[in-house]
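**Q** Pasting in a structure now, in structure tokens, and then I'll have a few things to ask.
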């Protein structure tokens, strides 16, 4: 009996490790072609999706850059709270130190407290400017993820 439990546990452990190693889920991003302030974009994303996009690593940044449907500036969920010593935070409260600031960015001190994307780098700017924006819509299974997981599944069989 303990052998079958050990085999079941080992199978579950390998499945979990494969899922983590291959990134079983990937974030869903939606470019919204409306022109709004950062706060307006945040409200829109929260009403129709989850929140403004947050980007926590290089892989997610590349995904965002690949789905970008415009050469215009887009809001992302990064902002600075001038009353908080931590500084830059994500709209939805996600924790990430990953940043892709442009050269000499952020550069405007307390007057530019929201971040946008242009040409694959981030810039600080006034939250009252109006741009298109990128929403985050939760997690989903990606087609490419299934291919990456196939070797793990074959190992279990």
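In mature numbering (1 follows the signal peptide of the UniProt record, and there is no 0), the protein residues as written are -23 to -1, 1 to 134.
Where a beta carbon is used, it is the ideal one built from N, C-alpha and C, also for glycine.
Since the structure is predicted, the reported quantities are computational estimates derived from the model, not experimental observations.
1) On the three-state DSSP scale, how would you describe residue 22?
2) Just the Cα atoms here: how many angstroms apart are residue 35 and residue 97?
3) Are the stretch 90 to 108 and the stretch 50 to 60 touching by the rule of at least three beta carbon pairs closer than 8 Å?
4) How far does the beta strand (DSSP E) with residue 50 in it reach, from first residue to last?
5) State the Cα-Cα distance for the pair residue 4 and residue 28, rounded to the nearest angstrom.
6) In this structure, how does DSSP classify residue 107 when only helix, strand and coil are distinguished?
7) Closest by CA to residue 105, which one among 25, 56, 6, 24?
8) Who are the Cβ neighbours of residue 22 in its own chain at under 6 Å, not counting the five residues just before and after it?
9) Check whether the Cβ atoms of residue 89 and residue 31 lie closer than 7 Å to each other.
10) If I measure Cβ to Cβ from residue 83 and keep anything under 6 Å in the same chain, skipping five residues before and after, which residues do I get?
11) For residue 87, which residues of its own chain have a beta-carbon under 7 Å away from its beta-carbon, when the five flanking residues on both sides are left out?
12) On a Cα-Cα basis, can you pick out the residue from 103, 14, 15, 75 that is closest to residue 38?
13) Distance check for residue 43 and residue 61, CA to CA, integer angstroms please.
14) Once you ignore the five residues that flank residue 67 on each side, which residues in its own chain have a CB closer than 7 Å to its CB?
15) Looking at the structure shown, is residue 114 part of a helix, part of a strand, or coil, going by DSSP?
**A** Taking the coordinates as given:
1) Helix, per DSSP.
2) Distance from the CA of residue 35 to the CA of residue 97, rounded to the nearest whole angstrom, comes to 11 Å.
3) Judged by Cβ distances under 8 Å, the stretch 90 to 108 makes contact with the stretch 50 to 60, as three or more pairs qualify.
4) First-last for residue 50: undefined, no H or E at that position.
5) In a straight line, the C-alpha of residue 4 is about 12 Å away from that of residue 28.
6) Coil, per DSSP.
7) When 25, 56, 6, 24 are compared, the shortest CA-CA separation from residue 105 is found for 56.
8) The residues are 28, 29, 112.
9) No, these two residues do not count as a Cβ contact at 7 Å.
10) Leaving aside the five residues that flank residue 83 on each side, the residues in its chain whose CB is nearer than 6 Å to its CB run, in chain order, 101.
11) Answer for residue 87: 59, listed in chain order.
12) With distances taken between Cα atoms, residue 38 lies closest to 75.
13) Whole-angstrom Cα-Cα distance: 33 Å.
14) Residues of the same chain with a CB within less than 7 Å of the CB of residue 67, apart from the 5 flanking positions on each side, are 31, 54, 55, 73 in chain order.
15) DSSP places residue 114 in strand when its eight states are reduced to three.
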